[in-house]
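Participant: In UniProt numbering, the protein residues as written are 1 to 190.
Where is the CB? At the ideal position from N, CA and C, for every residue including glycine.
Provided herewith is a single structure, encoded as structure tokens, for subsequent inquiry.
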């Protein structure tokens with residue numbers, strides 16, 4: 001794939017994930033594509049593409065429903081947190097790191113019933129239309145998985161899980177993370 005195509009693909013995904021501001025997306029694009037071309041060339045192209053893609057994304061999100069699947073997922077994770085299942089979105093770079101780092105998220109002095117997360121690679125898949133896979137574990141892994149599924153369903157989502165503790169929960173969804181405030185700022189917005 002030519003450089004412009006790589007920049008467009010990376011920038012679109014990062015904008016859709018919805019967590020990083022314009023400047024950080026430009027910097028991450030340069031880091032991601034280091035070695036593909038001169039860094040200054042990548043930066044110029046990343047700034048141009050990111051500005052145009054931000055503008056397009058912000059227009060598109062105006063037509064979204066008031067509550068999106070992404071909003072439902074965030075609300076479900078907040079509920080899971082409240083009922084003793086530590087729930088984190090876009091957590092860690094991969095599943096192995098997520099499992100090893102999630103303990104740092106546990107409330108001090110408490111032993112939660114379990115945890116659930118999806119990692120950065122899952123967020124990228126979600127932003128690209130493939131849904132997310134949820135990793136989970138706990139005192140009773142099967143019961144943690146079943147609890148996660150019930151809460152997701154109560155928020156209007158349709159998780160897919162065979163009930164096996166060895167399988168991650170697949171959550172097909174239409175990924176729509178709104179960009180507001182600082183996350184909507186880009187040079188063309190001025």
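Please return the same chain residues whose Cβ sits closer than 6 Å to the Cβ of residue 43, not counting the five positions on each side in sequence.
Facilitator: 30
Participant: Where DSSP assigns a beta bridge to residue 133, which residues make up the other side?
Facilitator: 170
Participant: State buried or exposed for residue 179, treating a residue as buried only when at least 16 other CB atoms are found within 10 Å of its CB.
Facilitator: A buried status is given to residue 179, since no fewer than 16 other beta-carbon atoms sit within 10 Å of its beta-carbon.
Participant: For residue 124, collect the residues of the same chain with a Cβ closer than 8 Å to its Cβ; drop the 5 residues on either side in sequence, then sort them by chain order.
Facilitator: Answer for residue 124: 13 and 17, listed in chain order.
Participant: Could you tell me which residues DSSP pairs with residue 25 in its beta bridges?
Facilitator: In DSSP, residue 25 forms no bridge with anything.
Participant: Counting pairs of Cβ atoms below 8 Å between the region 156-170 and the region 78-85, do you hit three or more?
Facilitator: no
Participant: Could I get the ranges of all uninterrupted alpha helix (DSSP H) runs contained in the region 84-145, with 4 residues as the minimum, in chain order?
Facilitator: 95-101 and 120-127
Participant: Under DSSP, the alpha helix (DSSP H) around residue 156 begins and ends at which residues?
Facilitator: Where residue 156 is concerned, there is no enclosing alpha helix (DSSP H), because DSSP gives it neither an H nor an E.
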